[in-house]
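Below is the structure:
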């Protein structure tokens, strides 16, 4: 019993330590420019030696990519949280709640979000993370809206990916350029996604999705 539990405890301690380091790193990358972030400062705040930073993450660059990945990927629980208490057939309300949840997260992590969308086109690694995150976000949105078993699911998924580009552009107008208010962005994205689902996708219901 003791022999079996010791490795498990060690693994758990290792995972917790890694998460602790990652939480500290996320705050440093969010509050500072990349060039100003010090792995030594992260190690000091996390209460570990710098060699442990390199053991878990390798380089500062790899640590940064992990922080971006954690920030960008939508966790499974978001689906239930965003639409909790909303009737399954209240499609527009579910869309608005999901959009509002995303805007809240984006606003809370404004620095990380704006820096990520600013470099994704020039950075292949970031671009891959964003593409993966978009794919996951489209899946999560389909689940949240009760469309996961829709006969046009593949087409909806593709259009949701296209919609994701619009959502980022709208978020930039709100958080960076300040040309749109949060309320305007909410309505723009809610009505646009509702139109995609109710008006655009049905136009192609007799056609097979492009291969």
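In the numbering used here, the protein residues as written are 922 to 1132.
Note that CB positions come from ideal geometry on N, CA and C, so glycine has one too.
Problem set entry | Neighbour flag for residue 982 against chain B, beta carbons, 7 Å | The structure shown contains no chain B; it holds only a single protein chain.
Exercise. Using CA coordinates, which residue listed in 1075, 1124, 1128 and 1062 is at the minimum distance from residue 994?
Worked result: Nearest C-alpha to residue 994: 1062.
Exercise. Less than 7 Å separating the beta-carbons of residue 950 and residue 977?
Worked result: no
Problem set entry | Option nearest residue 999 by Cα separation, candidates 988, 1018 and 1012 | 1018
Exercise. From residue 964 to residue 945, what distance separates their C-alpha atoms?
Worked result: Their Cα atoms are separated by approximately 9 Å.
Exercise. Does DSSP classify residue 1104 as helix, strand or coil?
Worked result: helix
Problem set entry | Whole-angstrom distance between residue 937 and residue 922, CA atom to CA atom | With a pLDDT of 48 at residue 922, under the threshold of 50, the predicted position of this residue should be treated as unreliable, and no value is reported.
Exercise. From residue 1105 to residue 996, what does the alpha carbon distance come to, in whole angstroms?
Worked result: If you draw a straight line from the Cα of residue 1105 to the Cα of residue 996, it is about 26 Å long.
Exercise. Just checking my contact of residue 1082 with residue 1059 at CB under 8 Å: how many whole Å lie between their CB atoms?
Worked result: 5 Å
For this session: Would you please state the rounded distance, in angstroms, between the beta carbons of residue 991 and residue 1068? I believe it to be under 8 Å.
Result: The pair is not a contact, with the Cβ atoms about 26 Å apart (cut-off 8 Å).
Exercise. Using the beta-carbon count (16 or more within 10 Å), is residue 1097 buried or exposed?
Worked result: exposed
For this session: Quick one: grab the DSSP three-state call for residue 1017.
Result: helix
For this session: Could you check the C-alpha separation between residue 1103 and residue 1048 for me, to the nearest Å?
Result: 26 Å
For this session: Kindly confirm or deny that the stretch 1082–1094 and the stretch 1106–1120 touch, where touching means at least three C-beta pairs closer than 8 Å.
Result: Contact between the stretch 1082–1094 and the stretch 1106–1120 is present, because at least three Cβ pairs lie under 8 Å.
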